[in-house]
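Counting in this note's numbering, the sequence shown runs from 117 upward without gaps.
Each residue gets a CB set at the ideal place from its N, CA and C atoms; glycine is no exception.
None of these values were measured; they are calculated from a predicted model.
Below: one structure, written as structure tokens.
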Amino acid sequence: MDSRCFVEKYDYFAQNNINISTHIMSNISDFESFFYIYFSYKCDIVQNNGKFISLYYPNYDFIHFDTFFLLCDNKRKIYHLFDSFLYFSNLLKKMQCYDLYFINFNVNNILFLESNQHCMMQKFEKCVKKSDFMQFIPIYMKNINSHDILPIDLLILHLFYNTNISTINTTNIKIVVNIIEKNNIFLKTIYGEDKFKMLIIKYIRMNYLNKTKSDIIDYIYQNIDSFPIYSLTLIYAELFWSYVNVHHSDNVFFLKTMSFFRRNLHPDINKRFSIENSIHFLQNHFNYTKNINYIKDFINLMTSS
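Pasting the structure below:
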């Protein structure tokens, strides 16, 4: 097989990528259609630099997420946005059937085949079997990188691991809220600063006030299925928002789309759509994008922005 080799440092997350990839290959019969996964690997020790792993993948030509949408014309941008959003939502649901959950899904997990624009998913370092969550989460919390845009619950847990905060109380809640606001500029934008702050405070008071780190981990574990669709929604909400430079409050397509995004990015996990309800909405909404008459006013807004 014609192959492409990627070399990376061998660590916990490199091994996790191997474990999750193996689980996918062993349990999902048609995995090659959905996942870009290595077909072999080997470990090498580089003197003075530690252990590295060479991963051999099929030699496909890909376009990365940002480049793909940059190259689309406006009509195709909307079509591909909802087509790929729906595709990856269904794929995340499929993974959940096999006990697999992305703790942090980002644009680096998305690829488009150059030949036919088919979407594929890659990189499973930040994906976990629910049964392995308790082992995974403390290691992940101590190794957050710049690509990881944390949902509010994980951001709160991150504070417990990396600051002197051991519980959220009436004394330090303002500090926690300020950190959440600082790390969620986009959500502040789409909700409005005052409303977003109010929602955060309400959610923290209801779910996290005077709770221990163990309590928070248990709560996140119980709601693990909410994080993959949240992260995916954030990717596509930011993309959609970037297509216009003013808030078009009178455009029906814009309003309906942003209403869905706000619901799925709500600070309170319990206010969001399930992945099943998200897929149902996206399927109906995607059908509208195929009707150019329905979205032509929005396309004109994109053209003029």
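Put Asp360 into one of helix, strand or coil per three-state DSSP.
-> Reading off the sequence, residue 360 comes out as Val, not Asp. Here Val360 sits in coil by DSSP.
Just how far apart, CA to CA, sit Asn261 and Lys372?
-> Looking at the two C-alpha atoms, the distance is approximately 33 angstroms.
Asp331 burial status per 10 Å Cβ neighbour count (16 or more: buried) = Flag for Asp331 reads exposed.
Any contact of the region 343-361 with the region 199-211, i.e. 3+ C-beta pairs under 8 angstroms?
-> Contact annotation: the region 343-361 touches the region 199-211, with at least three C-beta pairs closer than 8 angstroms.
In whole angstroms, what separates the C-alpha of Val244 from that of Thr305?
-> Near 31 angstroms, if we compare the C-alpha coordinates of Thr305 and Val244.
Please list, in chain order, all residues of the same chain as Asp118 whose beta carbon is under 6 angstroms from its beta carbon, the five residues on each side excluded.
-> Within its own chain, the residues whose Cβ lies closer than 6 angstroms to the Cβ of Asp118, once the five positions on either side in sequence are excluded, are Asn175, listed in chain order.
Quick one, are the C-beta atoms of Phe184 and Phe228 less than 8 angstroms apart?
-> Against a cut-off of 8 angstroms, the Cβ pair of Phe228 and Phe184 comes out as a contact.
Helix, strand or coil at Arg120 according to DSSP, with G and I counted as helix | Reduced to three states, the DSSP call for Arg120 is strand.
Contact check, Phe377 vs Phe414 under 8 angstroms by CB: the rounded distance?
-> The beta-carbon distance between Phe377 and Phe414, rounded to whole angstroms, is 14 angstroms. This is too long to meet the 8 angstroms contact definition.
Near Ile296, which residues of its chain fall below 7 angstroms by C-beta distance, leaving aside the five closest residues on each side in sequence?
-> Ile268, Leu271 and Ile316.
How would you call Leu398, buried or exposed, if buried means at least 16 neighbouring beta carbons within 10 angstroms?
-> With 16 or more other Cβ atoms within 10 Å, it is buried.
Could you give the DSSP three-state label for Tyr157: helix, strand or coil?
-> Looking at Tyr157 - three-state DSSP - the assignment turns out to be strand.
Closest by C-alpha distance to Arg120, when choosing among Ser342, Asp177, Asp366 and Phe147 | Arg120 has its Cα closest to that of Asp177, out of Ser342, Asp177, Asp366 and Phe147.
Whose CA, out of Lys191, Ser149, Glu230 and Leu266, lies closest to the CA of Phe218?
-> For Phe218, the closest alpha carbon among the candidates Lys191, Ser149, Glu230 and Leu266 is that of Leu266.
Could you work out which residue in Leu186, Asn367 and Asp341 is closest to Ile391 when comparing CA atoms only?
-> Sorting Leu186, Asn367 and Asp341 by C-alpha distance to the C-alpha of Ile391 places Asp341 at the top.
By the 10 Å Cβ neighbour count, where 16 or more other Cβ atoms means buried, how is Asn380 classified, buried or exposed?
-> So Asn380 ends up on the buried side.
Kindly list the residues whose CB is nearer than 8 angstroms to the CB of Asn285, restricted to its own chain and excluding five residues on each side of it in sequence; keep chain order.
-> Closer than 8 angstroms at the Cβ level, and outside the excluded window around Asn285, lie Leu325 and Asn326.
Could you please give the first and the last residue of the uninterrupted alpha helix (DSSP H) stretch that includes Pro254?
-> Per DSSP, the unbroken alpha helix (DSSP H) holding Pro254 starts and ends at Phe249 to Met257.
Residue range of the unbroken alpha helix (DSSP H) whose run includes Lys167 = Where Lys167 is concerned, there is no enclosing alpha helix (DSSP H), although the beta strand (DSSP E) it sits in stretches over Gly166 to Pro174.
Mind reading off the beta-carbon distance from Asn299 to His263? Whole number of angstroms is fine, and I expect it under 8 angstroms.
-> Their Cβ separation, rounded to whole angstroms, is 14 angstroms, which puts Asn299 and His263 out of contact at 8 angstroms.
Take Lys329 and list the residues in its own chain whose beta-carbon comes closer than 6 angstroms to its own, dropping the five residues that flank it on each side.
-> Same-chain partners within the cutoff: Phe276.
Would you identify the three-state DSSP class for His180, choosing helix, strand or coil?
-> Looking at His180 - three-state DSSP - the assignment turns out to be strand.
Residue ranges of each beta strand (DSSP E) within the region 222-301, 3 or longer = DSSP runs (the beta strand (DSSP E)) wholly in the region 222-301: 226-229, 235-237 and 243-245.
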